[in-house]
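Student: All letters in the sequence shown, in the order written, are residues 1 to 150 by full-length UniProt numbering. Here a beta-carbon is modelled for each residue, glycine too, at the ideal position from N, C-alpha and C.
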Amino acid sequence: MYRKTEFSHLVEGTIVIIDLDRFSEVVEERGWSEYSPNPATGLLTRLIEMFARRWQGVIIYGFDEERGTEEVVIEIPLVEPEELLPDLEKIKQELNSIGVGITIVALKGYVLGKPAADRREAYTATPFRRRALALLRKAKRRGGNTVIIA
């Protein structure tokens, strides 16, 4: 699939993309701030921090303690997506308990393991990230608030 000289640093693992559903609508409805942690983004920030620490994941993009986390891309080397399902379901349940929907995709693929310089790189640096993003968008069009393991 890849020429060894270009991508010899790739390792198999899991790409996880997490995104709050209809975030701007929820913020407006509830009168929450977009520029500082609100109940949803603050909770997601804490949950992502614990999740990444537990699985020794590399946060590629989106983690923001100052403003709160709305979307995040994480890569976890040497872990199968199915192993993450209980923790991902728990993240979904925690956010649902405060009335916020969330869509999560965990896809098996090759991981780079280094933070992205910008949003575009975070979602397009590898074919696996692009596929994970496509799965996320498809799930959101269908209503979101789901966990997809691929």
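Can you grab the Cα-Cα spacing for the pair Tyr123 / Pro77, in whole Å?
Tutor: Here residue 123 is taken as the residue at index 123 of the sequence shown, counted from 1. Here residue 77 is taken as the residue at index 77 of the sequence shown, counted from 1. Going by the C-alpha atoms only, they are around 17 Å apart.
Student: Once DSSP output is grouped into helix, strand and coil, what is the label at Leu107?
Tutor: Counting from 1 along the sequence shown, the entry for residue 107 is found at position 107. Strand.
Student: Applying the criterion that 16 or more other CB atoms from any shown protein chain within 10 Å of the CB defines a buried residue, is Arg30 buried or exposed?
Tutor: The residue given as residue 30 occupies position 30 in the sequence shown. It is exposed - the Cβ of Arg30 has fewer than 16 other Cβ atoms within 10 Å.
Student: Below 8 Å on the Cβ atoms is my guess for residue 159 versus Arg67; work out the distance and round it to an integer in Å.
Tutor: With the chain covering only 1 through 150, there is no way to say anything about residue 159.
Student: Are there 16 or more other CB atoms within 10 angstroms of the CB of Tyr35, so buried, or fewer, so exposed?
Tutor: Counting from 1 along the sequence shown, the entry for residue 35 is found at position 35. Exposed is the call here.
Student: Tell me which residues share the same chain as Gly57 and place their Cβ nearer than 6 Å to its Cβ, disregarding the 5 neighbours each side in the sequence.
Tutor: Position 57 of the sequence shown, counted from the first residue, corresponds to residue 57. For Gly57, where only same-chain residues beyond five positions count, the Cβ hits under 6 Å are Ile74, Ile76.
Student: Between the beta-carbon of Asp19 and the beta-carbon of Leu136, is there less than 8 Å?
Tutor: Counted from its first residue, the sequence shown places residue 19 at position 19. Counted from its first residue, the sequence shown places residue 136 at position 136. Closer than 8 Å, so yes.
Student: Classify Arg141: buried if its beta carbon has 16 or more other beta carbons within 10 angstroms, exposed otherwise.
Tutor: As a first step, residue 141 is located in the sequence shown; it is residue number 141 there, counting from the start. The residue is exposed, with fewer than 16 neighbouring Cβ atoms inside 10 Å.
Student: Using the DSSP secondary-structure output, state which residues sit across from residue 203 in a beta bridge.
Tutor: As shown, the chain starts at 1 and ends at 150. That puts residue 203 outside it, with no answer to give.
Student: Which runs of the alpha helix (DSSP H), 4 residues or longer, sit entirely within the stretch 56-97?
Tutor: DSSP runs (the alpha helix (DSSP H)) wholly in the stretch 56-97: 81-96.
Student: Spatial neighbours of Pro81 within its chain, please: C-beta separation below 6 Å, excluding the five flanking residues on both sides.
Tutor: What you label residue 81 is simply residue 81 of the sequence shown in a count that begins at 1. Here the set comprises Thr14, Ala106, Lys108, Ile149.
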